[in-house]
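Trainee: What follows is a single structure, and I will ask about it in a moment.
Numbering (this note's numbering), first residue to last: 1 to 127.
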């Protein structure tokens with residue numbers, strides 16, 4: 001019985017580790033700093049725990065900078081009707097979300113608008 005309880009406890013403790021590793025929205029993104037970027041998709045990562053899209057955007061000086069944009073996990077995107085083939089390299093998109101606190105070209109996405117005007121959620125509301 002002791003061996004069973006020890007095994008059960010160890011299993012539960014290890015199962016909790018990924019939850020502890022997950023970051024807080026407020027720690028990484030500034031909900032008081034909404035941002036909109038428009039540019040060309042260079043890469044899409046359909047991965048857990050978050051999907052990422054990378055977009056080349058022209059800055060105020062006309063320089064092209066690449067933004068890393070975090071979104072929902074793939075399973076959540078699929079449940080909302082967002083499929084893997086909806087956004088691909090070369091597509092022009094407009095993405096609304098919140099800027100990273102560390103000042104790098106990174107943001108948490110709320111929604112994406114495609115060139116045809118269709119709009120889909122890509123991430124949660126600010127938390």
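All residues carry an ideal CB built from backbone N, CA and C; glycine is no exception.
What are the start and end residues of the alpha helix (DSSP H) that includes residue 124?
Mentor: By one-based count along the chain shown, residue 124 stands at place 124. Residue 124 -> no alpha helix (DSSP H), and no H or E assigned at all.
Trainee: List the whole-angstrom C-beta distance separating residue 123 from residue 71, where the pair is believed to meet the contact cut-off of C-beta under 8 Å.
Mentor: Start at 1 with the first residue of the chain shown, and residue 123 comes out as number 123. Start at 1 with the first residue of the chain shown, and residue 71 comes out as number 71. Sure, about 4 Å apart at Cβ, within 8 Å.
Trainee: Residue 52 and residue 69 look like a contact to me (Cβ under 8 Å); what is the Cβ gap, rounded to whole Å?
Mentor: Looking up residue 52 in the chain shown gives position 52. Looking up residue 69 in the chain shown gives position 69. So it is a contact: roughly 6 Å between Cβ atoms.
Trainee: In this structure, does DSSP put residue 49 in helix, strand or coil?
Mentor: The residue given as residue 49 occupies position 49 in the chain shown. Here residue 49 sits in coil by DSSP.
Trainee: Quick one, which of 82, 29, 75 has its alpha-carbon nearest residue 100's?
Mentor: One-based indexing of the chain shown puts residue 100 at position 100. The shortest Cα separation from residue 100 among 82, 29, 75 belongs to 29.
Trainee: Buried or exposed: residue 65, going by 16 or more other Cβ atoms within 10 Å of its Cβ?
Mentor: Start at 1 with the first residue of the chain shown, and residue 65 comes out as number 65. Exposed, since its Cβ has fewer than 16 Cβ neighbours within 10 Å.
Trainee: What first and last residue would you give for the alpha helix (DSSP H) that runs through residue 78?
Mentor: In the chain shown, the residue the question calls residue 78 occupies position 78. 74-79 is the span of the alpha helix (DSSP H), which, as asked, contains residue 78.
Trainee: Could you give the C-beta distance for residue 106 and residue 46, rounded to a whole number, given that I count them as a contact under 8 Å?
Mentor: The residue you call residue 106 lines up with position 106 of the chain shown. The residue you call residue 46 lines up with position 46 of the chain shown. With a Cβ gap of about 18 Å, residue 106 and residue 46 do not count as contacting.
Trainee: Which residues in the same chain have their Cβ closer than 8 Å to the Cβ of residue 89, if we skip the five residues on either side of it in sequence?
Mentor: One-based indexing of the chain shown puts residue 89 at position 89. These residues qualify, in order along the chain: 41, 42, 43, 44.
Trainee: Among 116, 110, 74, whose alpha-carbon lies nearest the alpha-carbon of residue 31?
Mentor: For this step, residue 31 is matched to residue 31 along the chain shown. Minimum Cα distance to residue 31 is reached at 110.
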